[in-house]
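Residue numbers (the UniProt record's numbering): 1 to 293.
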């Protein structure tokens, strides 16, 4: 969601200059009508790439006192470790008139195979690439560390990548990149679908957000013992993790379509059917980043 406020500053505003702002929580299912006030607390600010002298402000939702995080405010629970590096790969579908972009009105297009990193009208159509290229440009103009794009496995499915140093900074930039994509596609009459399995139980891939990550110790020291302890911690906390990875992941994480079963932890070198995919570079250097499905 977003709303606009007009303020005057002598220069591009700092975070400290940005005020708290209220909104109607009853209209966002975050409060009841008899006590509807919620507060927006600025936590990050970026230049707005499409509005002259504008700023995009990422906010946390707070209770009316402006100090207590709202129950829906999961950002406030994040341990902000600046030494943690993340490379997020956000997959999504473009939709037009309730169908994935490029799908016929009835039935399905040709099977998956040529669409991944595809080129040409029959694979990507005539509008999707224009959108993703424009999205790349406006993300960079906003200061987001956008690192790349590609067409994905299913027809109408795409991906963008964002890299960030620090837990909250990396997550903020992904959220802002999503927001800019949603705002951009309005003028094209296109919707963006982030649901993990929009086509249900069919032979079409779902969408995830693969999270490449490394810690300072993993980069600087590494070693087999540390890596195995890390994997053991993932396995021990599997269900706690899956509970906060978003709704309906049991529909996507089935062991098919390049996924691992949601309720069984595994890892393997270059294995796209594992929970954690370990790059060959880690095996050879024993100091690298890992990737989760």
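Think of the CB as a built atom: it goes at the ideal place given N, C-alpha and C, for glycine as much as any other residue.
Boundaries (first-last residue) of the alpha helix (DSSP H) holding residue 97: Residue 97 -> no alpha helix (DSSP H), and no H or E assigned at all.
Whole-Å CB distance - residue 12 paired with residue 47, under 8 Å assumed: At roughly 7 Å, the Cβ-Cβ gap stays under 8 Å, so residue 12 and residue 47 are in contact.
Proximity below 8 Å, CB of residue 93 to CB of residue 198: yes
Contacting residues, own chain, Cβ-Cβ under 7 Å from residue 173 (five flanking each side not counted): 144, 145, 162, 164
Three-state secondary structure assigned by DSSP to residue 287: Its pLDDT being 46, under 50, residue 287 is placed unreliably by the model, and the measurement read from it follows with that caveat. In this structure, residue 287 counts as coil in the three-state DSSP scheme.
Status (buried if at least 16 other CB within 10 Å, exposed otherwise) for residue 135: buried
Three-way DSSP call (helix, strand, coil) for residue 231 in this model: helix
Opening and closing residue of the beta strand (DSSP E) in which residue 178 lies: Run containing residue 178: none in the beta strand (DSSP E); it sits in the alpha helix (DSSP H), 167-185.
Candidates 36, 271, 18, 59: closest to residue 2 by CA position: 59
Reduced DSSP secondary structure (H/G/I, E/B, other) of residue 144: coil
Residue 359 vs residue 184 beta-carbon contact at 8 Å: With the chain running from 1 to 293 in the structure shown, residue 359 is simply not present.
Stretch pair the segment 86-103 + the segment 120-131: three plus CB contacts closer than 8 Å: yes
Residue span of the alpha helix (DSSP H) that contains residue 240, given as start and end: 238-242
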